[in-house]
Amino acid sequence: MDMKRKPTHPGEILREDFLKPLNLTQVELAKALGTAFRTINEIVNERRNLSPEMAVKLARYFGTSEEVWLNLQNQHDIYRVKTRNRKMLVSIKPLRTAHAAR
Numbered sequence: 026m027d028m029k030r031k032p033t034h035p036g037e038i039l040r041e042d043f044l045k046p047l048n049l050t051q052v053e054l055a056k057a058l059g060t061a062f063r064t065i066n067e068i069v070n071e072r073r074n075l076s077p078e079m080a081v082k083l084a085r086y087f088g089t090s091e092e093v094w095l096n097l098q099n100q101h102d103i104y105r106v107k108t109r110n111r112k113m114l115v116s117i118k119p120l121r122t123a124h125a126a127r
């Protein structure tokens, strides 16, 4: 199981690569996206996952692709699952190994 460094949460990217350089507040972003301040705040503070709907909104607003945001979230989620369930994953033998053992 390949355990690289922890992937960056999309909230950190939003905060560090978009909000700060553009001098944009969370309140301003929430208004521009038609969403609650709390939603933006929880994403920026890495307490909420980024939904596909939010990925579409951010992509439209910042001129990126939806995939950029969704890929960041997916990488983060997969890493969390692998680290939290390491023992369970180790107990699952890959198909080729399982068939070879017969």
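Position in the sequence shown (first residue = 1) + 25 = the working numbering.
Each residue gets a CB set at the ideal place from its N, CA and C atoms; glycine is no exception.
Buried or exposed: residue i, going by 16 or more other Cβ atoms within 10 Å of its Cβ?
i    : result
L83  : buried
I65  : buried
I68  : buried
L120 : exposed
Among the residues of its own chain, which have a CB less than 7 Å from the CB of residue i, if the five just before and after it don't count?
i   : result
W94 : P35, L75, A80, L83 and A84
Q98 : P35, N74 and L75
Excluding the 5 residues flanking residue i on each side, which residues of the same chain have their C-beta closer than 8 Å to its C-beta?
i    : result
D102 : N74
L49  : F43
Assuming residue i and residue j make a contact with CB atoms under 8 Å, what is their CB distance in whole Å?
i   : j    : result
L58 : Y86  : 6 Å
Q51 : F43  : The Cβ separation is near 11 Å, so there is no contact.
E92 : E37  : Not quite, the Cβ-Cβ distance comes to about 18 Å (not below 8 Å), so this is no contact.
P32 : Q100 : 4 Å
Kindly list the residues whose CB is nearer than 6 Å to the CB of residue i, restricted to its own chain and excluding five residues on each side of it in sequence; keep chain order.
i   : result
S90 : A84
T60 : none
#### Entry: Every unbroken alpha helix (DSSP H) within the stretch 34 to 63, with a cutoff of 4 residues, ordered by chain
35 to 38 and 51 to 58
#### Entry: Minimum length 4: unbroken alpha helix (DSSP H) runs contained in the stretch 90 to 118
91 to 109 and 111 to 116
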